[in-house]
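Before any comments, here is the structure.
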Amino acid sequence: MTDLSFLSIDPATRRVSLDARDPAFYSDPNRTYAALHAACPTFYWEEQKAWFFTGYDHVNALLRDRRFGRQILHVATREDLGMPEPAAHTRHFDKAELHSLLEVEPPEHTRLRTLVNRAFVSRHVEKMTPEIAELANSLIDRFENDHETELLSTFADIIPVTMIARMIGIPEEMGPQLLKWSHDYVGMYMFKRTRADEDAADRSSKAFADYVRSVIAERRAHPRDDLLSHMIHTEHKGQYLSEDELVSTTIVLLNAGHEATVHQIGNSVRLILESGLDPAQLFSDAKATERTVEETLRIGAPVHIFQRYCLEPCEIDGVALKRGDKVSLLLAAANLDPNKFSDPLTFKPMRDEGANLSFGAGIHFCIGAAGTKHRAAAALQAPAEPEDCRPARGQGCLPLPRPGEARTYVVISAGAGV
Ligand code: HEM
-3 MTDLSFLSID PATRRVSLDA RDPAFYSDPN RTYAALHAAC PTFYWEEQKA
47 WFFTGYDHVN ALLRDRRFGR QILHVATRED LGMPEPAAHT RHFDKAELHS
97 LLEVEPPEHT RLRTLVNRAF VSRHVEKMTP EIAELANSLI DRFENDHETE
147 LLSTFADIIP VTMIARMIGI PEEMGPQLLK WSHDYVGMYM FKRTRADEDA
197 ADRSSKAFAD YVRSVIAERR AHPRDDLLSH MIHTEHKGQY LSEDELVSTT
247 IVLLNAGHEA TVHQIGNSVR LILESGLDPA QLFSDAKATE RTVEETLRIG
297 APVHIFQRYC LEPCEIDGVA LKRGDKVSLL LAAANLDPNK FSDPLTFKPM
347 RDEGANLSFG AGIHFCIGAA GTKHRAAAAL QAPAEPEDCR PARGQGCLPL
397 PRPGEARTYV VISAGAGV
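For the sequence shown, position 409 (counting from the first letter as 1) is numbered 405 according to the working numbering, and the numbering increases by one without interruption.
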């Protein structure tokens, strides 16, 4: 019997108490989600003071429901909603968020997304696949002989930032600095963030924006074949992205693109190791690879919660919501809904039961989804020289073959990928 003593559920009132920073929860969130599906798929989370939805149909519908949005101040004032004025000490962070695709609603979102999409499409992300395989190989070469590595810092952290910097057109030497800014920035989205987290996020937002402005100025003068140059020059119905929109978009692409992909790689490696399945089979051809990547995304979603404001009074699953209320959508839990996926906690790459919600749905559907799947496939298949694999206690061994070539063995510490 699984010990879930850290979780308290009252199905009668649909109240749940759970400390999200308890390692017992976050080291294996899926068993908590399974318990919530069994007892109370829609619940009020006492510590977060908001309603949460885990049912696949509810989450999928709410992501597409235009009565809900990422913005609220386009339909109501702060005064109407009893919302405090923005804090002065996070003004640089707020400025960066102001034109973030993730934070705006139509008509601004439609205009911004159309322009960014046009620039994005011209980058042909799938052409980057050989570059990713080459980078992954060179990283594996560095730790291969050690028979053990901390996978997040030596592999998962490096691939996304390097590829996204290359795609946008930021020099690769900026990688460590971009990582620092990005980590500080996403500190604003963490549970129980502190004043120190907010100060760090604000400082890094300013430094990040100043840096991006300098690169934009350089690209205006000397355009290249990179995403930033395309974004500067992309035009739709006589409209261009403004300087502030270019800065916000570059920051959101780096943060959204980097943070989620790191954890996708980590979670995927751990899932594959724990499944005991043969990676040679999992990556035997393009179809098998696609299904393996989809299943790792389903069962190990890298970003769990997205929120929406209720824009007009309505009722969802018996919960009466008023304008300005926040609802939280647990994408990671929706992917484990037993009404949608059979035996949902088991890693079964050959399942064919419909789309998972890891990249969201509706107008905010991840703009990087297609590229991410290519990147993940390339990073997870990365080959190296033949090596005898002798996993020590508490370690796993991941053989990663390239068709017609020698097998690769990457040894990681168990749990390093979470
Ligand atoms: C495994 C990797 C990734 C996951 C799981 C992921 C997940 C998501 C999700 C769930 C959303 C929707 C958020 C919402 O509905 O509020 C989203 C939006 C977005 N993602 Fe991703 N993402 C990933 C990688 C990337 C990459 C590589 C990029 C860019 C290079 C990217 C850029 C964006 C942007 C710009 C948006 C906002 C789109 C909009 O609001 O119109 N993401 N992502």
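Here a beta-carbon is modelled for each residue, glycine too, at the ideal position from N, C-alpha and C.
Proximity winner among the options, relative to residue i (alpha-carbon distances)
i	options	result
E231	I359, P82 and L111	L111
W41	L3, A217, D339 and R347	L3
A196	T145, L325, F89 and G314	F89
S134	T145, F151, E144 and K123	F151
K188	I359, G350 and E43	E43
S324	I5, R74 and G51	G51
C362	G262, T28 and F302	F302
R266	I164, T292 and S225	T292
K322	D53, L77 and A20	L77
L250	A284, V117 and I166	I166
G171	H259, I154, M163 and A330	I154
D240	K202, L376 and G364	K202
L175	E255, H370 and P82	E255
A443	A8, Y29 and L14	One cannot answer for residue 443 here, as it falls past the ends of the chain, which runs -3 to 414.
G364	D348, L223, H33 and D206	L223
A46	L353, K318 and A34	K318
Sequence-distant residues of the same chain with beta carbon closer than 8 Å to residue i, five excluded per side
i	result
D18	F2
Chain-order list of residues whose beta-carbon lies under 7 Å from that of residue i (same chain, five-residue window excluded)
i	result
R10	C36, T38, F39 and Y40
E99	R66, Q67 and E93
G253	P156, I160 and G364
Cβ-Cβ distance between residue i and residue j below 7 Å
i	j	result
A372	A129	no
V208	T257	no
S210	D180	no
L59	G314	no
I312	F343	no
V299	L97	no
R194	T86	A small fix is needed here, since residue 194 is Glu in this sequence, not Arg. Contact: yes.
Three-state secondary structure assigned by DSSP to residue i
i	result
H54	helix
Q235	strand
F151	helix
S23	coil
K45	coil
E308	coil
V315	strand
I166	coil
I363	coil
T368	helix
K202	helix
I5	strand
V182	helix
V12	strand
G65	strand
V323	strand
F139	helix
heavy atom of the ligand HEM below 6 Å from residue i C-beta
i	result
R109	yes
I363	yes
F355	yes
L269	no
Q260	yes
F302	yes
V299	yes
V248	yes
G253	yes
H143	no
H232	no
T257	yes
H70	no
H360	yes
L174	no
T342	no
T368	yes
Same chain, Cβ closer than 6 Å to residue i, five either side skipped, listed in chain order
i	result
Y236	none
A31	L0
I212	L242
G340	According to the sequence as given, residue 340 is Pro; it is not Gly. So the qualifying residues of the chain are L332 and P334.
L307	R63, G65 and V71
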